[in-house]
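Chemist: For the sequence shown, our numbering gives the first residue as 212, with consecutive numbering after it.
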Amino acid sequence: MAAVRQHPLVVMIGAPGAGKTRTGKRVARLLRVPFIDTDRRIVLRHGPIAQVFAARGEEQFRKIERIEVARALTEYAVVSLGGGAILDEATRHELSGLRVALLTVSAEAVATRIGDKRPLLKQGGVEGWEKLVEGRRAIYESLATRTWDSSNRPIDSIAQEIADWIGTGNDEQSKDGQ
């Protein structure tokens, strides 16, 4: 008998600073399932992301990220992807057919959340972040089953809506959980 391939209950995607990790952890806790943050796995295996970028460059980082994403997408869990993971064509293909929650955030909100902690943001600040997000927006939106704006809403409220959505099994596309 062939083994049944497992997959995540939901995959969290969105721009850096949108709240994917914080929200994903809460969703996992509500559903009593494991939480996987692919960025965290990269840090555990390869060191801080900023150092990987500095020492190996973005291209090598994306190869490492691809491996961690592929592993995570075979696990029954709530999975949070790094903001740029969706740039990989194989990742986009693997996400088709999965339940994908897109978290969006305004530039004003992200400015207060992340400062210069992210390697791609150190160079361009909020303006650079806006350009980065605009370049990825169509990909994020094409992959999303549902979308939530985390700019001014409590993370706990969004997490509860996502957990409720998963519980209903209703995968019709919508924005802000509607």
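Virtual Cβ for every residue (Gly too), placed ideally from N, Cα, C. For clarity, every value in this text was computed on a predicted model and none was experimentally measured.
For Thr315, report the span of its beta strand (DSSP E) as first-last.
Modeler: Val311 to Thr315
Chemist: Checking 7 Å against the spacing of the C-beta atoms, do Ile355 and Thr234 come in under that value?
Modeler: Looking at the sequence provided, one finds Ala at residue 355 rather than Ile. No; because the gap between Cβ atoms is not below 7 Å, this pair is not in contact.
Chemist: Just mark Arg240 as buried or exposed, buried being the case when its beta carbon has 16 or more other beta carbons within 10 Å.
Modeler: With fewer than 16 neighbouring CB atoms inside 10 Å of its own CB, Arg240 falls in the exposed class.
Chemist: So, for Asp200: in the same chain, excluding its five sequence neighbours on each side, which residues have a beta-carbon less than 6 Å away from its beta-carbon?
Modeler: Because the chain spans 212 through 389 in this model, residue 200 falls outside it and cannot be assessed.
Chemist: Is it true that the CB of Pro219 sits closer than 7 Å to the CB of Ala288?
Modeler: Judged by their CB atoms, Ala288 and Pro219 are nearer to each other than the 7 Å cut-off.
Chemist: Taking buried to mean at least 16 other C-beta atoms within 10 Å of its own C-beta, is Leu284 buried or exposed?
Modeler: buried
Chemist: Quick one: is Ile373 buried, meaning 16 or more other Cβ sit within 10 Å of its Cβ, or exposed?
Modeler: That one is buried.
Chemist: So who's on the other strand from Asp299, going by DSSP bridges?
Modeler: Note: Asp299 sits in no beta bridge, so no partner.
Chemist: Tell me which residues share the same chain as Val344 and place their Cβ nearer than 7 Å to its Cβ, disregarding the 5 neighbours each side in the sequence.
Modeler: Ala226
Chemist: Output the residue ranges of the alpha helix (DSSP H) runs that lie fully inside the segment 249-280 and measure 4 residues or longer, sorted by chain position.
Modeler: 249-257
Chemist: Ordered along the chain, which non-local residues of its own chain (more than five positions away) have a Cβ less than 7 Å from that of Ser362?
Modeler: Val316, Ser317 and Ala320
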